[in-house]
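Novice:
Protein chains: 2
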Amino acid sequence: MATIYEVAALAGVSPATVSRVFNGARVSEGKARAVRDAAEQLRFVPNRTARTLRRQNSEVIALVIPDIENPFFTSLARGVEDRAQAAGYSVVLCNTDEDPAKESTYLDIAISENMAGVVLAPASDHSDLHRLIERNRPIVAIDRGTSFEIDGVMTDNRAAGHSATSALAAAGHRRIALITGPEGIETADERLRGWAQVVGADTAHDYVRRANYRVDGGRAAMTSLLEMPEPPDAVVAGNNLMGVGALQVLTGAGRMPPEFGVAVIGDLPFTTLRPTAITRVQLPARQMGVTAATMLIERIGGDTQPARTVVLRNTLVPATPGVRAL
Amino acid sequence: MATIYEVAALAGVSPATVSRVFNGARVSEGKARAVRDAAEQLRFVPNRTARTLRRQNSEVIALVIPDIENPFFTSLARGVEDRAQAAGYSVVLCNTDEDPAKESTYLDIAISENMAGVVLAPASDHSDLHRLIERNRPIVAIDRGTSFEIDGVMTDNRAAGHSATSALAAAGHRRIALITGPEGIETADERLRGWAQVVGADTAHDYVRRANYRVDGGRAAMTSLLEMPEPPDAVVAGNNLMGVGALQVLTGAGRMPPEFGVAVIGDLPFTTLRPTAITRVQLPARQMGVTAATMLIERIGGDTQPARTVVLRNTLVPATPGVRAL
DNA sequence: GTGAAAGCGCTAACAC
DNA sequence: GTGTTAGCGCTTTCAC
Numbered sequence: 001m002a003t004i005y006e007v008a009a010l011a012g013v014s015p016a017t018v019s020r021v022f023n024g025a026r027v028s029e030g031k032a033r034a035v036r037d038a039a040e041q042l043r044f045v046p047n048r049t050a051r052t053l054r055r056q057n058s059e060v061i062a063l064v065i066p067d068i069e070n071p072f073f074t075s076l077a078r079g080v081e082d083r084a085q086a087a088g089y090s091v092v093l094c095n096t097d098e099d100p101a102k103e104s105t106y107l108d109i110a111i112s113e114n115m116a117g118v119v120l121a122p123a124s125d126h127s128d129l130h131r132l133i134e135r136n137r138p139i140v141a142i143d144r145g146t147s148f149e150i151d152g153v154m155t156d157n158r159a160a161g162h163s164a165t166s167a168l169a170a171a172g173h174r175r176i177a178l179i180t181g182p183e184g185i186e187t188a189d190e191r192l193r194g195w196a197q198v199v200g201a202d203t204a205h206d207y208v209r210r211a212n213y214r215v216d217g218g219r220a221a222m223t224s225l226l227e228m229p230e231p232p233d234a235v236v237a238g239n240n241l242m243g244v245g246a247l248q249v250l251t252g253a254g255r256m257p258p259e260f261g262v263a264v265i266g267d268l269p270f271t272t273l274r275p276t277a278i279t280r281v282q283l284p285a286r287q288m289g290v291t292a293a294t295m296l297i298e299r300i301g302g303d304t305q306p307a308r309t310v311v312l313r314n315t316l317v318p319a320t321p322g323v324r325a326l
Numbered sequence: 001m002a003t004i005y006e007v008a009a010l011a012g013v014s015p016a017t018v019s020r021v022f023n024g025a026r027v028s029e030g031k032a033r034a035v036r037d038a039a040e041q042l043r044f045v046p047n048r049t050a051r052t053l054r055r056q057n058s059e060v061i062a063l064v065i066p067d068i069e070n071p072f073f074t075s076l077a078r079g080v081e082d083r084a085q086a087a088g089y090s091v092v093l094c095n096t097d098e099d100p101a102k103e104s105t106y107l108d109i110a111i112s113e114n115m116a117g118v119v120l121a122p123a124s125d126h127s128d129l130h131r132l133i134e135r136n137r138p139i140v141a142i143d144r145g146t147s148f149e150i151d152g153v154m155t156d157n158r159a160a161g162h163s164a165t166s167a168l169a170a171a172g173h174r175r176i177a178l179i180t181g182p183e184g185i186e187t188a189d190e191r192l193r194g195w196a197q198v199v200g201a202d203t204a205h206d207y208v209r210r211a212n213y214r215v216d217g218g219r220a221a222m223t224s225l226l227e228m229p230e231p232p233d234a235v236v237a238g239n240n241l242m243g244v245g246a247l248q249v250l251t252g253a254g255r256m257p258p259e260f261g262v263a264v265i266g267d268l269p270f271t272t273l274r275p276t277a278i279t280r281v282q283l284p285a286r287q288m289g290v291t292a293a294t295m296l297i298e299r300i301g302g303d304t305q306p307a308r309t310v311v312l313r314n315t316l317v318p319a320t321p322g323v324r325a326l
C-alpha cells in the first residue's frame with residue numbers, strides 16, 4: 001500500500017506536493033509530472049479513509065431504502081446514483097426492510113463514516129433524525145415525509161389514490177376496493193385518503209385492506225376481498241408489488257380486467273399483461289431520485305436556504321376501454 | 001461531534017478505557033458504566049473513519065453487481081446482506097451497469113476505503129483484480145468467473161442451458177431458439193453451449209440471438225425471431241428479464257405457451273402468468289449471496305486455504321403439459 | 001510554488 | 001485494569 005510519503009520520496013518532492021497534485025492545487029508542471037509518474041509506478045491509490053478523517057467528510061452518499069427488492073426503489077436508486085456519480089460522489093445503498101431499528105443503525109453508520117449526506121425513504125413516521133441533524137449532515141427525505149424540517153421529494157399520494165379510484169369509477173365500477181400499505185407509512189395512508197374521497201366511504205371501510213407492500217401481501221388481500229359475501233368489482237392496488245399480487249389472484253380466478261377493474265399506483269414491473277387494460281398511476285421514481293440527489297448535493301455544497309419539499313407529478317394512464325388484459 | 005477524549009474527560013477515565021469499553025476489552029464494571037453514561041450524555045457515536053484508518057480495515061463489504069434493477073441481483077444482494085449483517089458487517093451496493101470502467105472505479109474505492117472485502121459479479125471476463133489481490137483484500141466472484149485464482153460461487157450454466165432446452169425438446173418442440181446474453185459474459189456463453197449440445201447446432205446458428213440481459217433486449221430478440229422465414233416454435237430465454245421481454249412479444253402476437261414453448265433460465269419476477277405453463281431453471285440467487293458472503297467472511301477472518309469454487313444446484317421445473325399460460 | 005509540521009479520532013503496544 | 005503515547009495517511013495552515 002503505497003502512501004504519499006513513498007510517492008514523494010520517489011518523485012523527490014514533499015508529501016504536501018503529492019497531495020496538491022491529487023487535489024488540483026497549483027504545482028509546477030515538472031514536479032506534477034514527476035509525482036504522477038511515481039504514483040503510477042507504485043500503483044498509488046489515495047487512501048480515502050485518511051482523507052475523510054482529515055477533511056471530516058467523505059464523498060459518499062448513503063441511500064437508505066425500505067426494500068431493495070422493490071423495483072420502485074431500485075429505479076429511484078438509479079436516479080440517485082446517476083446524479084451523484086456525475087457530481088463525483090459514490091452511493092452506498094442500505095436496505096432497512098421497513099425496520100426502524102435497521103434504519104437507525106444505518107443512519108449511525110452514515111454519521112460515523114462521515115458520509116457527505118443521506119437520502120432517506122423513512123421506514124416509519126417516527127424515524128429519528130436528531131443525531132444527523134445536530135451534526136449538520138445534510139439529509140433529504142424521499143417518497144415519504146418525516147416530522148423534521150428537512151428537504152423532501154414526494155409525489156402527491158392523495159391525488160394518486162384519488163385519480164386511480166376515479167378512473168375505475170368512470171369506467172363504470174361501483175364497488176371499488178383498496179389494498180393499501182401498512183398504517184403509519186405516509187404513502188399508504190395518503191393513498192387511502194384519496195380513495196376514500198372518491199368512494200365517499202371512511203377509511204375503515206370493509207373494502208379496505210392493509211398489506212405489507214409486497215407481492216404476498218397483495219395476494220392475501222385480494223384473496224380475502226374475493227371471498228367477501230359481496231365482493232368488489234374493482235380494486236386499487238396501493239403499490240406496484242401488491243398490484244402484481246392482486247393480478248396473480250385475479251387471473252387465477254379468471255376475473256380479468258376489464259370486467260374486473262384494476263388500477264395500480266406505480267408501474268407494473270416486468271408484466272406480460274397488456275398494460276393498457278390496467279389503469280396505472282405512474283410514479284416518477286427515477287426522477288425522484290435525481291431530484292433528491294440534486295438537492296442533497298446543493299446542501300452538501302453549503303446551501304442554507306429553508307427546507308424545501310418538491311412534489312413531483314404523477315401520471316394517470318387510464319385503462320383503454322374494452323381492452324382485455326390478454 | 002463528541003470524541004473519546006470528551007467522553008473520557010466526562011467519565012474521569014483515559015481515552016484508552018473508553019476505547020476498550022466500546023471494543024469489548026476488559027474494563028472494571030464501575031468505569032464501564034461511567035463511560036457508557038458519559039457516552040450516552042454526549043450522544044457519542046464512535047468515528048469509524050478513525051478506527052478504520054488505525055486498524056487498516058473496515059467492517060464494510062462491497063457488493064459489486066452489474067444491474068441493480070435486475071431482481072436476480074437484488075435477490076442475491078439480500079443473501080449477501082443477511083449473512084454479512086449477522087456477522088457485523090455492513091454491505092454497500094455498487095452498480096456497474098455492466099461497464100468495466102465503472103467496475104474498476106468501484107474496486108479502487110473498495111481499496112481506498114480499506115473495505116474488508118469484495119463480492120463481485122464481474123462485468124466482463126477481463127475484470128482487473130490485480131490491485132485488490134496484491135493488497136490482500138479478500139474477494140469472492142459470484143455468478144460469473146474471472147481469470148484470477150479466487151474464491152467463486154457459481155451455478156452450472158451449461159447444465160442450465162442444456163436442461164432448459166431438453167425440456168422443450170421433450171415437450172415436442174423441434175425448432176428451439178435461444179436468446180442469450182452478451183458475448184464475453186460467462187453465464188451467457190455457457191448457457192449457449194448447453195443449448196448447442198441439445199440442438200446439435202453450432203453456437204452461431206440462425207436461431208441464436210445475443211441481447212443485453214434486459215427486458216428490451218429480450219423483446220427485440222424475440223421480435224426478430226418471429227420475423228424469420230421459418231420461425232422457431234420454442235425459445236429458451238437466457239435470463240429472467242429477457243424471458244419477460246420474450247413473453248411480452250409472444251403474448252402480444254398471440255403465441256402463448258404451451259403451443260409456443262418457453263423456457264426461462266432464472267425466475268420470472270412478478271409475473272402474472274400461470275408459471276406452470278413455462279419451463280424454468282430456477283437459480284439459487286439468494287443462496288449464492290449467502291454462500292459468497294460466508295466465504296468472504298472466512299477469508300476476512302484469515303482463512304488461507306487454496307481458492308475454492310462452489311457450484312450451487314439449479315432446479316429444473318418443466319412446464320406442466322397442457323397448461324395454458326393464462 | 002514548496003516544504004515542515006500539526007492534527008483529524010481512534011487503537012494498540014507498552015508501561016505501570 | 002488502566003493510562004500514556006505513538007502512529008494510521010492524509011490535508012492544510014504557516015513559513016519561506
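Chains as they are written, first to last, in UniProt numbering: chain Y, 1 to 326; chain D, 1 to 326.
Glycine included, every Cβ here is placed at the ideal spot set by N, Cα and C.
From a predicted model like this one, the values you see are computed outputs, not experimental measurements.
For Asp-143(Y), count neighbouring Cβ atoms within 10 angstroms of its own Cβ and tell me buried if that reaches 16, exposed if not.
Specialist: Position 143 of the first sequence, counted from the start, is the residue given in the question as residue 143(Y). That one is buried.
Novice: Run through DSSP, which three-state label would Asp-216(D) get?
Specialist: As a position in the second sequence, residue 216(D) is number 216, starting the count at 1. Helix.
Novice: Report the partner residues of Asp-151(Y) according to the DSSP bridge assignment.
Specialist: Start at 1 with the first residue of the first sequence, and residue 151(Y) comes out as number 151. Note: Asp-151(Y) sits in a beta bridge opposite Val-140(Y).
Novice: Val-244(D) touches chain Y at which residues, Cβ-Cβ below 7 Å?
Specialist: Residue 244(D) sits at position 244 when you count from the first residue of the second sequence. Neighbours of Val-244(D) on chain Y, chain order: Phe-270, Thr-272.
Novice: Leaving out the 5 sequence neighbours to the left and right, which residues in its chain are closer than 7 Å to Pro-232(Y) when beta-carbon positions are compared?
Specialist: Along the first sequence, one-based indexing puts residue 232(Y) at 232. Excluding residues within five positions, the ones whose Cβ falls inside 7 Å are Arg-175, Ile-176, Ala-177, Tyr-207, Leu-225.
Novice: Taking beta-carbon pairs under 9 Å, can you tell me which members of the region 71-94 of chain D lie near chain Y?
Specialist: Pro-71, Thr-74, Ser-75, Ala-77, Arg-78, Glu-81, Gln-85, Ser-90, Val-91, Val-92, Leu-93, Cys-94
Novice: Hey, which unbroken runs of the alpha helix (DSSP H) at 4 residues or more fall wholly within the UniProt domain "HTH lacI-type" (2-55) of chain Y?
Specialist: Restricting attention to alpha helix (DSSP H) runs no shorter than 4 residues, the UniProt domain "HTH lacI-type" (2-55) of chain Y encloses them at 4-11, 15-22, 29-42, 48-55, ordered along the chain.
Novice: Excluding the five sequence neighbours on either side, which residues of its own chain have a C-beta within less than 6 Å of the C-beta of Glu-190(D), listed in chain order?
Specialist: The sequence position of residue 190(D) within the second sequence is 190, counting from 1. Asn-157, Arg-158.
Novice: Taking Leu-132(Y) as the query, report the chain D residues whose CB atoms sit under 7 Å from its CB, ordered along the chain.
Specialist: By 1-based counting over the first sequence, the position of residue 132(Y) is 132. Residues of chain D passing the Cβ test: none, with the nearest at roughly 10 Å.
Novice: Using the C-alpha atoms, what's the distance from Leu-42(D) back to Leu-247(Y)?
Specialist: Sequence index remark: in the first sequence, residue 247(Y) carries index 247 (1-based). Sequence index remark: in the second sequence, residue 42(D) carries index 42 (1-based). Cα-Cα distance, rounded: 52 Å.
Novice: Grouping DSSP H, G and I as helix and E and B as strand, with all else coil, what is Gly-161(D)?
Specialist: Position 161 of the second sequence, counted from the first residue, corresponds to residue 161(D). Helix.
Novice: Is the CB of Ile-139(D) under 8 Å away from at least one CB in chain Y?
Specialist: To locate residue 139(D), count along the second sequence from 1; it is residue 139. Answer no: the Cβ-Cβ gap between Ile-139(D) and chain Y never drops below 8 Å.
Novice: CA-CA distance, Ala-164(Y) and Pro-284(Y)?
Specialist: On the first sequence, position 164 is the one that residue 164(Y) refers to. On the first sequence, position 284 is the one that residue 284(Y) refers to. One C-alpha to the other measures close to 16 Å.
Novice: To the nearest angstrom, report how far apart Ser-124(D) and Asp-97(D) are at their CA atoms.
Specialist: Your numbering for residue 124(D) matches position 124 in the second sequence. Your numbering for residue 97(D) matches position 97 in the second sequence. Cα to Cα, Ser-124(D) sits roughly 11 Å from Asp-97(D).
Novice: Just the C-alpha distance for residue 327(Y) and Leu-192(D), rounded to the nearest angstrom, thanks.
Specialist: No information on residue 327(Y) is available, as it lies outside the stretch 1 to 326 that chain Y covers here.
Novice: How would you list, in chain order, the residues of chain D whose beta-carbon sits under 7 Å from the beta-carbon of Met-1(Y)?
Specialist: As a first step, residue 1(Y) must be located in the first sequence, where it is residue number 1. Going along chain D in sequence order, the residues near Met-1(Y) (Cβ under 7 Å) are Arg-135.
Novice: Can the beta-carbon of Ser-19(D) be found closer than 8 Å to that of Ile-4(D)?
Specialist: Within the second sequence, numbered from 1, the residue matching residue 19(D) stands at position 19. Within the second sequence, numbered from 1, the residue matching residue 4(D) stands at position 4. Contact flag set, yes.
Novice: So, are the CB atoms of Pro-71(D) and Asn-240(D) less than 8 Å apart?
Specialist: On the second sequence, position 71 is the one that residue 71(D) refers to. On the second sequence, position 240 is the one that residue 240(D) refers to. In contact: Pro-71(D) and Asn-240(D) (Cβ atoms closer than 8 Å).
Novice: Closest to Leu-129(D) by CA distance: which of Met-115(D), Ala-237(D), Glu-103(D) is it?
Specialist: Reading the second sequence from its first residue, position 129 is the one you call residue 129(D). Closest option to Leu-129(D), Cα to Cα, is Glu-103(D).
Novice: What span of residues does the alpha helix (DSSP H) with Ser-75(Y) cover, start to end?
Specialist: Here the question's residue 75(Y) lines up with position 75 in the first sequence. That run of the alpha helix (DSSP H) goes 71-86.
Novice: Considering only DSSP beta bridges, list what Gln-282(D) is partnered with.
Specialist: Counting from 1 along the second sequence, the entry for residue 282(D) is found at position 282. Paired residues: Thr-315(D).
Novice: For Glu-183(Y), decide whether its Cβ has a neighbour in chain D, counting only Cβ atoms nearer than 8 Å.
Specialist: Here residue 183(Y) refers to the residue found at position 183 when the first sequence is read from its first residue. It does not: the Cβ of Glu-183(Y) has no partner Cβ on chain D nearer than 8 Å.
Novice: Val-262(D) touches chain Y at which residues, Cβ-Cβ below 7 Å?
Specialist: What you label residue 262(D) is simply residue 262 of the second sequence in a count that begins at 1. What Val-262(D) touches in chain Y, judged by beta-carbon distance under 7 Å, is nothing: the nearest beta carbon there is about 10 Å away.
Novice: What residues in the region 107-121 of chain Y bring their beta carbon closer than 9 Å to a beta carbon of chain D?
Specialist: Asp-108, Ile-109, Ile-111, Ser-112, Glu-113, Asn-114
Novice: Per DSSP, what are the beta-bridge partners of Val-118(Y) in this structure?
Specialist: Along the first sequence, read from residue 1 onward, the residue named residue 118(Y) stands at position 118. For Val-118(Y), which the question treats as bridged, DSSP gives the partners Ala-62(Y), Ile-139(Y).
Novice: What are the boundary residues of the beta strand (DSSP E) that Asn-95(Y) is part of?
Specialist: Against the first sequence, residue 95(Y) aligns to sequence position 95. Under the DSSP assignment, Asn-95(Y) falls in the beta strand (DSSP E) whose first and last residues are 90-95.
Novice: Runs of 4 residues minimum, wholly inside the region 224-311 of chain D: which ones carry the alpha helix (DSSP H) assignment?
Specialist: 240-252, 285-300
Novice: Does any CB atom of chain D fall closer than 8 Å to the CB of Leu-326(Y)?
Specialist: What you label residue 326(Y) is simply residue 326 of the first sequence in a count that begins at 1. It does: the Cβ of Leu-326(Y) has a partner Cβ on chain D nearer than 8 Å.
Novice: Sorted by chain position, which residues of the same chain lie with C-beta nearer than 6 Å to Val-153(D)'s C-beta, five sequence neighbours on each side aside?
Specialist: On the second sequence, position 153 is the one that residue 153(D) refers to. So the list reads Ile-142, Met-288, Thr-291, Ala-292, Val-310, once near-sequence residues are dropped.
Novice: At the level of alpha carbons, what is the spacing between Cys-94(Y) and Thr-320(Y)?
Specialist: Position 94 of the first sequence holds residue 94(Y). Position 320 of the first sequence holds residue 320(Y). Between Cys-94(Y) and Thr-320(Y), the C-alpha separation is close to 39 Å.
Novice: For Ala-9(D), tell me which candidate among Ala-38(D), Phe-22(D), Tyr-213(D), Ile-297(D) has the shortest Cα-Cα distance.
Specialist: Counting from one through the second sequence, the residue named residue 9(D) turns up at place 9. The residue with the shortest Cα to Cα distance from Ala-9(D) is Ala-38(D).
Novice: Between Ile-68(D), Ala-62(D), Ala-277(D), which lies nearest to Met-115(D) when the distance is taken from Cα to Cα?
Specialist: Here the question's residue 115(D) lines up with position 115 in the second sequence. Nearest of Ile-68(D), Ala-62(D), Ala-277(D) to Met-115(D), Cα basis: Ala-62(D).
Novice: Looking at chain D, is there any beta carbon in it that lies within less than 8 Å of the beta carbon of Pro-46(Y)?
Specialist: Taking the first sequence and counting its residues from 1, the one referred to as residue 46(Y) is at position 46. Yes, because at least one Cβ of chain D sits closer than 8 Å to the Cβ of Pro-46(Y).
Novice: So, does the region 273-283 of chain Y touch the region 251-262 of chain Y, judging by three or more C-beta pairs under 8 Å?
Specialist: yes
Novice: Return the residue from the list Val-92(D), Val-118(D), Arg-313(D), Ala-50(D) that minimises the CA-CA distance to Met-295(D).
Specialist: For the purposes of this step, residue 295(D) is taken as residue 295 along the second sequence, with counting starting at 1. Considering only alpha carbons, the answer is Val-118(D).
Novice: Closer than 8 Å, CB to CB, is Gln-248(D) near chain Y or not?
Specialist: Counted from its first residue, the second sequence places residue 248(D) at position 248. By this cut-off, Gln-248(D) is an interface position.
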